[in-house]
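Student: Below is one structure. I have some questions about it.
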Amino acid sequence: MSAGRSSMPDEGTSLPPAFEGYADESLAQAPAGGPGKNGLLEAAFARRDDGPTRLIRDRVKVPYHLTGTLETDPAPGLTTLLAQEPTGGVAQGDRHRLWIETREGARAHVTTQSATKVHSMDANYAHLDASLRAESGSYLEYVPGPTIVNEDARCLQTIDVALADDACVVVADVLVPDGLTDHEPFGFDHYHARVEAERDGRLVCADAVDLRPSEREPRDPASVGEYGVVGSLYVFAPASSDEIAGATAAAPETDPEPATLESLIEGIHERLSDRDGVEAGVSTLPHEAGAIVRILGDREADVTETLRAAWDETRRRLLGVGAPADRRY
29 MSAGRSSMPD EGTSLPPAFE GYADESLAQA PAGGPGKNGL LEAAFARRDD
79 GPTRLIRDRV KVPYHLTGTL ETDPAPGLTT LLAQEPTGGV AQGDRHRLWI
129 ETREGARAHV TTQSATKVHS MDANYAHLDA SLRAESGSYL EYVPGPTIVN
179 EDARCLQTID VALADDACVV VADVLVPDGL TDHEPFGFDH YHARVEAERD
229 GRLVCADAVD LRPSEREPRD PASVGEYGVV GSLYVFAPAS SDEIAGATAA
279 APETDPEPAT LESLIEGIHE RLSDRDGVEA GVSTLPHEAG AIVRILGDRE
329 ADVTETLRAA WDETRRRLLG VGAPADRRY
């Protein structure tokens, strides 16, 4: 079955109650979501048989910029899209939206040119929204750079995933709460991140992080404890890679046995055990819809490196090749 095709989400996306109140706050400069603050990147990918994946439709509005795709990934038939944002960061009143679709059998990796820097604010909020759609037999990765949240910032980050029963979607997220200015970690006003996923219309993941440092200490044992950087990797995949069309058939490096969800989780656990500077765990998603990895650490570099190891293991199990080289840094 197909995950279905849907249009870009409109401005009516449901907001947490606190952010509804922030939205009523006017800005002295350009209005919230106004010209230059209403970023949009739409992209749809298609693939025929075992050929390359092609970008068949795109639409971009400032501050996003797109210069085509890259064919540097070691996985056969997989293309890379680099979302560029030359403005230097996210400001109050910004509304940035990504909408990515992989048609039947397509393979795509979507990333950003660098970390997303959310600047300090005195009114309103910033919204970073991503909608990911994966049709039958397709493989889609959304692995952006870390999100760096500065002092007094308010950031709402929403990721919505819809995938077919035999598709695979991988989503990565790293939160860096100490920003780029000279202030204590968790000096922002409000950070809310939500990931929701449906497989063939059935809800399989609803994960939310809501941090308001002025109301509740984020470093209590129920939140991040003694750590300051949070990483998450979501792997939405069938219980067996046999169900992913051509998942390992053309893998150039290895000819692995068909991966199962159990072997994927065991492989990630082994890769992440006994790593210095971080605490990491991996769990099964409801309805055997995949796995979620959570990583806590003191340094962004340690968390990012650990998340990359989990992503690399995921690729080796599902595609037969590791993660591509990261040339951004």
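Every position in the sequence shown, counted from 1, becomes a number in this note's numbering once 28 is added.
Where a beta carbon is used, it is the ideal one built from N, C-alpha and C, also for glycine.
(1) Would you mind sorting Ser260 into buried or exposed? The rule is 16 or more other CB atoms within 10 Å of its CB.
(2) Indicate whether Ala308 and Ile323 have their beta-carbon atoms separated by less than 9 angstroms.
(3) Using DSSP's beta-bridge definition, name the partner residues of Trp127.
(4) Can you give the Cα-Cα distance for Val257 and Asp78, rounded to whole angstroms?
(5) Does Leu106 come out as helix, strand or coil in the three-state DSSP assignment?
(6) Quick one: residues in its chain with C-beta nearer than 7 angstroms to the C-beta of Thr18, no 5 flanking neighbours on either side, listed in chain order?
(7) Which of the three DSSP states, helix, strand or coil, is assigned to Ala225?
(8) Round the Cβ separation of Thr81 and Arg135 to the nearest angstrom and send it over; I've been treating them as touching at under 8 angstroms.
(9) Could you spell out where the beta strand (DSSP E) holding Phe264 opens and where it closes?
(10) Using a threshold of 9 angstroms, state whether the C-beta atoms of Glu70 and Arg87 are closer than that.
(11) Mind checking which residues open and close the beta strand (DSSP E) that includes Thr332?
(12) In the DSSP assignment, the alpha helix (DSSP H) including Ser291 goes from what residue to what residue?
(13) For the 8 angstroms Cβ check, are there 3 or more pairs between the segment 108-122 and the segment 139-153?
(14) Would you grab the beta carbon distance between Asn152 and Ala60 for me? Rounded to a whole angstrom, and I think it's under 8 angstroms.
(15) With a cut-off of 8 angstroms on the beta carbons, I'd call Leu184 and His147 a contact; round off their distance for me.
(16) So Gly325 is in the beta strand (DSSP E); what residue range does that whole segment cover?
(17) Contact defined as beta carbons within less than 8 angstroms: I believe Thr288 pairs with Ala317. What is the distance between those atoms, to the nearest angstrom?
(18) Going by DSSP in three states, Tyr373 sits in which element: helix, strand or coil?
(19) If we call anything under 9 angstroms between Cβ atoms a contact, is Asp238 one with Arg182?
(20) Please report how far the alpha carbon of Leu231 lies from the alpha carbon of Phe264, in whole angstroms.
(21) May I ask you to report which of helix, strand or coil DSSP gives Tyr167?
(22) Do you know whose CA, among Thr130, Thr342, Ser42 and Thr97, lies nearest Ala190's CA?
(23) Cβ atoms of Gly325 and Thr334: under 9 angstroms apart, would you say?
(24) Can you tell me the Cβ-Cβ gap for Thr332 and Val202, rounded? I've got them flagged as a contact below 8 angstroms.
(25) Can you grab the Cα-Cα spacing for the pair Tyr167 / Cys233, in whole Å?
(26) If we count the other Cβ atoms within 10 Å of its Cβ and call it buried at 16 or more, is Glu163 buried or exposed?
(27) Find out if the Cβ-Cβ distance for the pair Gly133, Asn178 is shorter than 9 angstroms.
(28) Looking only at C-alpha atoms, which of Arg344, Leu106 and Tyr255 sits nearest to Asp330?
(29) What are the boundary residues of the alpha helix (DSSP H) that Glu48 is part of?
(30) Can the beta-carbon of Ile84 be found closer than 9 angstroms to that of Ala72?
(31) How would you write the range of the beta strand (DSSP E) that Leu191 sits in, first residue to last?
(32) Looking at the structure shown, is His137 part of a helix, part of a strand, or coil, going by DSSP?
(33) Mind checking whether Pro174 and Phe214 have CB atoms under 9 angstroms apart?
(34) Judging by CA-CA distance, which residue of Ile128, Arg227, Gly295 and Glu169 is the nearest neighbour of His315?
Tutor: To lay it out plainly:
(1) Only buried fits Ser260, as 16 or more other CB atoms lie within 10 angstroms of its CB.
(2) Between Ala308 and Ile323, the C-beta gap is smaller than 9 angstroms, which places the two residues in contact.
(3) Paired residues: Glu70 and Ser159.
(4) Cα-Cα distance, rounded: 40 angstroms.
(5) Of the three classes helix, strand and coil, the one that applies to Leu106 here is strand, per DSSP.
(6) No answer is possible for residue 18: it lies beyond the span of the chain, which begins at 29 and ends at 357.
(7) Three-state result, Ala225: strand.
(8) Sure, about 5 angstroms apart at Cβ, within 8 angstroms.
(9) Note, Phe264: beta strand (DSSP E), Val257 to Phe264.
(10) Yes.
(11) Counting along the chain, Thr332 falls outside any beta strand (DSSP E), though it belongs to the alpha helix (DSSP H) covering Glu328 to Leu346.
(12) Counting along the chain, the alpha helix (DSSP H) containing Ser291 begins and ends at Leu289 to Leu300.
(13) At 8 angstroms Cβ cutoff, the stretches touch.
(14) Right, their Cβ atoms sit about 5 angstroms apart.
(15) Actually they are not in contact, since the Cβ atoms of Leu184 and His147 sit about 15 angstroms apart, beyond 8 angstroms.
(16) For Gly325, the uninterrupted beta strand (DSSP E) segment begins and ends at Gly318 to Gly325.
(17) Contact check for Thr288 and Ala317: beta-carbon distance about 14 angstroms, past the 8 angstroms limit, so the pair fails to qualify.
(18) A query on residue 373 cannot be resolved here, the shown segment of the chain reaching from 29 to 357 and no further.
(19) Cβ atoms of Asp238 and Arg182: not closer than 9 angstroms.
(20) When rounded, the separation of the alpha-carbon atoms in Leu231 and Phe264 is 12 angstroms.
(21) The answer is strand: DSSP assigns Tyr167 an E or B state.
(22) Minimum Cα-Cα distance from Ala190 among the listed residues Thr130, Thr342, Ser42 and Thr97 corresponds to Thr130.
(23) Yes. Within cutoff.
(24) Contact holds; Cβ gap of about 6 angstroms.
(25) Cα to Cα, the separation comes out at about 18 angstroms.
(26) Per the 10 Å Cβ criterion, buried.
(27) Cβ distance not < 9 angstroms, so Gly133 and Asn178 don't count as in contact.
(28) It is Tyr255.
(29) Note, Glu48: alpha helix (DSSP H), Pro45 to Ala51.
(30) Result yes, Cβ atoms of Ile84 and Ala72 sit closer than 9 angstroms.
(31) Run containing Leu191: Arg182 to Leu191, per the beta strand (DSSP E) assignment.
(32) Residue state, collapsed to three classes: strand.
(33) In this structure, the beta-carbon distance from Pro174 to Phe214 does not fall below 9 angstroms.
(34) Of Ile128, Arg227, Gly295 and Glu169, the residue nearest in Cα terms is Arg227.
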